[in-house]
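Comments concern the structure below.
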Amino acid sequence: MHMALPAFLMLLGSISHVEAADSGAPADAMAWLKKIAAASRQINYAGTFVYQHGNQVETSRIAHFADAGGEYEKLETLDGPPREIVRNNDTVTCYLPDIKTIVIEKRVARRFPALLPGQLSGISDNYVVKKGEQDRVAGFDCQVVALEPKDNLRYGHKFCAELATGLPLRARMYSDRNEMVESFAFTQLRIGSGISRDMVKSRFAGKSQTWRVDKSALEQNETSADTEWVLNNQPTGFKKLTEIKRSIAGRSVQVSHIVYSDGLAAVSVFIEPMPKSPPPAGPTYQGAVNIYVRSQADQMVTVVGETPARTVKQIAESLSPRER
Amino acid sequence: MDRISAFMDGETSRMEAHQTISRLKQSDEYCEIWKTFHLIRDVMRGDPVLRDEFTTRLHARMRQEPTLLAPRMTWRKSAYFALSAAASLAAVAVVLTLVLADNPLKPQVQIAATPKPEVVPVSQTAALPQPVPAANQSRVNEYLRAHQEFSPSTTLQGVAPYVRTVSATRDNGNR
Chain A
1 MHMALPAFLM LLGSISHVEA ADSGAPADAM AWLKKIAAAS RQINYAGTFV YQHGNQVETS
61 RIAHFADAGG EYEKLETLDG PPREIVRNND TVTCYLPDIK TIVIEKRVAR RFPALLPGQL
121 SGISDNYVVK KGEQDRVAGF DCQVVALEPK DNLRYGHKFC AELATGLPLR ARMYSDRNEM
181 VESFAFTQLR IGSGISRDMV KSRFAGKSQT WRVDKSALEQ NETSADTEWV LNNQPTGFKK
241 LTEIKRSIAG RSVQVSHIVY SDGLAAVSVF IEPMPKSPPP AGPTYQGAVN IYVRSQADQM
301 VTVVGETPAR TVKQIAESLS PRER
Chain G
325 MDRISAFMDG ETSRMEAHQT ISRLKQSDEY CEIWKTFHLI RDVMRGDPVL RDEFTTRLHA
385 RMRQEPTLLA PRMTWRKSAY FALSAAASLA AVAVVLTLVL ADNPLKPQVQ IAATPKPEVV
445 PVSQTAALPQ PVPAANQSRV NEYLRAHQEF SPSTTLQGVA PYVRTVSATR DNGNR
């Protein structure tokens, strides 16, 4: 009997080990996550979606087309003043017909092609990734993939990805009280066949010849640099993604920009000389994004991130110039 | 009906709550309204909607239970204030009111779970984030654009990394 006990415990151990590996099928859920990330770049689609945050609900139309020449995307708002945003690889053109203006911007292609291994491990370190049930969105069957945060420093996410292509049909973000913070959901969608280059061209392309063209954001430059600012109390799971000095529209001087990420959520830190009329210090929010402003050593520190307010605040309060 | 939404918000006195519960036990019509209000709330919050027979069974069980009231909680104010005002309107109109009311997605009354009474120190209440003041809007929009280039979650959402800024530029056309 006594002899049998260790063997029994070992057996129990191995069973629970097997169960742990199977529970929630994390490998399967991670595979879905990769599929989702790739699909939104590679799949051709066109549809109408609803974006909801706080007390705002907005409807937009999107078309996405990818071929050997690259990626093209057109986004237009269906309520409020008309806005059309056309992305042609890294060039973004915003058409603002009400004020007859075109804004052209260069966006460095930073969208990750597929989730990188580093980002994947960041995600599984900080979130429990679960494959959920199947649902139906915009007439398509889809697979729910949930990312539950392991602590209260980040929001939870739920995606519903179209079964065949992995295209995310619905994406929702939840606070630690399980309130929905933000939601994107297609209400009407066409995938694959019938999507052409023409559908990603602006309908203002002809009319806009005489409009004012704002290219001030086109010459934006940035260089990776040591900003000489350090974070003394880094929130768990967040790692520095990048550190640059860049120009930002409306500022005469270069702004230091540091980005921290947990693999999914990102928090940006902007440091610049204190402006003549500084905004009030403290926490604010815009939609699902929390913002925290404070002054430190004659500089204005602004922290922006799609995380709970506490994360943004912790980063803001623990930043300081490096002591020499 | 006003009574029901007030009760859902925990805004009734102990005696009113007793009355509402007994009416719920007796009147099918009252139960129907109760159900509709919850359905609207679930849909608004994106919660899974319970099957009809679940509610029917729950009500059958409720009729057999003695009325027991937990100590009165102070619920957070919710969009149901809008609901009290609009209760006589059609469900669609109510949903619209909720959408237009402040923060329709904020936490509301939890029925199934026993909610913990929340004690928020005054100092902390004062530090709750406020919407970005209009004067700072354009500055924040520039930060948002700069930030979103790097945000992995916007990429994963796939739909469009620009949605948040499109949304934000709506009142800021003359940048």
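Chains as they are written, first to last, in the numbering used here: chain A, 1 to 324; chain G, 325 to 499.
Where is the CB? At the ideal position from N, CA and C, for every residue including glycine.
Note that the coordinates shown come from a computational prediction; the quantities given were computed from them, not determined experimentally.
Identity of the residues DSSP links to residue i by a beta bridge
{"i": "G287/A", "result": "For G287/A, which the question treats as bridged, DSSP gives no partner whatsoever."}
{"i": "C142/A", "result": "D135/A, E162/A"}
{"i": "V103/A", "result": "C94/A, D214/A"}
{"i": "R83/A", "result": "Bridge partners of R83/A: none, in fact."}
{"i": "V230/A", "result": "S320/A"}
{"i": "G335/A", "result": "Residue 335/A is absent from the model: chain A starts at 1 and stops at 324."}
{"i": "R294/A", "result": "V301/A"}
{"i": "H157/A", "result": "L147/A, M173/A"}
{"i": "H53/A", "result": "Q56/A, E182/A"}
{"i": "N88/A", "result": "Y72/A, T91/A"}
Within chain A, partners of residue i - CB distance below 8 Å
{"i": "E353/G", "result": "Here the premise fails: no neighbours, minimum Cβ distance about 31 Å."}
Reduced DSSP category for residue i - H, G, I as helix; E, B as strand; rest coil
{"i": "S320/A", "result": "strand"}
{"i": "K150/A", "result": "coil"}
{"i": "V253/A", "result": "coil"}
{"i": "M274/A", "result": "coil"}
{"i": "D262/A", "result": "coil"}
{"i": "G282/A", "result": "strand"}
{"i": "K130/A", "result": "strand"}
{"i": "V269/A", "result": "strand"}
{"i": "L429/G", "result": "Caution is warranted here: a pLDDT of 32 is assigned to L429/G, below 50, making its placement in the model unreliable, and no coordinate value can be reported."}
{"i": "P455/G", "result": "strand"}
{"i": "E335/G", "result": "coil"}
{"i": "A205/A", "result": "coil"}
{"i": "P308/A", "result": "coil"}
{"i": "G122/A", "result": "helix"}
{"i": "I315/A", "result": "helix"}
{"i": "I328/G", "result": "helix"}
{"i": "T360/G", "result": "helix"}
{"i": "D22/A", "result": "Only weak support exists for where D22/A lies, its pLDDT of 39 falling under 50; the value from the coordinates is given anyway. Three-state result, D22/A: helix."}
Per-residue contacts from residue i into chain G (C-beta, under 9 Å)
{"i": "G250/A", "result": "S462, R463, E466, R499"}
Residue span of the alpha helix (DSSP H) that contains residue i, given as start and end
{"i": "T344/G", "result": "338 to 350"}
{"i": "Y467/G", "result": "461 to 472"}
{"i": "A27/A", "result": "26 to 42"}
Contact list for residue i against chain A, beta-carbon separation under 9 Å
{"i": "H471/G", "result": "H257, V259, A266, V267, S268, F270, V289, V304, G305, E306"}
Under 7 Å by beta carbon: chain G residues contacting residue i
{"i": "A309/A", "result": "P453"}
Closer than 7 Å at the beta carbon, the chain A residues around residue i
{"i": "F474/G", "result": "R110, L241, T242, V259, A266, S268"}
Residue i, enclosing beta strand (DSSP E) - first and last residue
{"i": "M173/A", "result": "168 to 174"}
{"i": "V303/A", "result": "299 to 305"}
{"i": "T187/A", "result": "180 to 191"}
{"i": "G70/A", "result": "70 to 77"}
{"i": "L241/A", "result": "239 to 246"}
{"i": "R61/A", "result": "56 to 67"}
{"i": "T223/A", "result": "222 to 224"}
Cβ-heavy atom distance, residue i to the ligand GDP, below 6 Å
{"i": "I357/G", "result": "Annotation note on the ligand GDP: not contained in the displayed structure, which lists no ligands."}
If the cut-off is 9 Å on Cβ atoms, which residues from the region 280 to 302 of chain A count as contacting chain G, listed in chain order? P280, G282, P283, T284, Y285, Q286, G287, A288, V289, N290, I291, Y292, V293, T302
When you check each C-beta in the region 161 to 172 of chain A against every C-beta of chain G, which residues fall closer than 8 Å?
Cβ contacts with chain G come from L167, P168, A171, R172.
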